[in-house]
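Numbering (the numbering used here), first residue to last: 304 to 489.
From the three backbone atoms N, C-alpha and C, an ideal C-beta is built for every residue, glycine too.
Okay, here's the thing in C-alpha cells:
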C-alpha cells in the first residue's frame, strides 16, 4: 500500500464473511497508525452491542476504543483537528449515506478504513458495502474457514430461523460456510 505524505485521502475496505478476521484486520491497521503517532477516530453503529458498547471487539477478543453512533453523519461531530484516520466497523449496518460520507472524508484528506460484511446470510450484497467496494482505492477480502468442510469460506450461514436481514449475533446465530456448504432456508 502506498502512503502519500500530502493531504490526499483515500478509502480502504476490509470485507468478508463473519469469522474471517475483518475486525482483527481493522484493529491491526489502527494499531499501526497509533505506533506512527497518527490520530485515529474509530466508530461503530450503536446497533452492534454484542461485546462492548465502547469498543470494537473481534471474535478473538481483540479490542479498540470506539464511539458508538446512530448514523454515519454523526462522525463529523467527533472529528478533532489532528485526526488523520477514520476507522468504521460493521459498515453494513449504516444506511446508504455512509457512501457519500466516506467519499467526502477521503476528499477532505482523511484515510478512511471501513470494515463490514459484503454479503448477508442469504449470500446477497449487504447494505451499502457494494458501493463502498466500488469507490475504495484499496480492498481486502478476507476468507474464513468453512465450519462444515474446512474449505475457504466467503459466506455467513445463519443457524437460527429468523428472516430479517439484520440480526446482530455471533457464534450462537452464525457460522462461516463455503459456497458449497452454505444453505439459505426458505
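Helix, strand or coil at residue i [DSSP, three-state]
i	result
residue 386	strand
residue 413	coil
residue 418	strand
residue 380	helix
residue 352	coil
residue 451	coil
Exposed unless 16 or more other CB atoms sit within 10 angstroms - verdict on residue i
i	result
residue 481	buried
residue 412	exposed
residue 445	buried
residue 323	buried
residue 380	exposed
residue 410	exposed
residue 422	buried
residue 363	exposed
residue 398	exposed
Bounding residues of the beta strand (DSSP E) (the contiguous stretch that carries residue i)
i	result
residue 459	458 to 461
residue 360	358 to 360
Host alpha helix (DSSP H) of residue i (start-end)
i	result
residue 330	325 to 338
residue 437	432 to 438
Counterpart residues of residue i in DSSP-defined beta bridges
i	result
residue 445	319
residue 346	370 and 391
residue 480	458
residue 401	Partner(s): none; residue 401 has no beta bridge.
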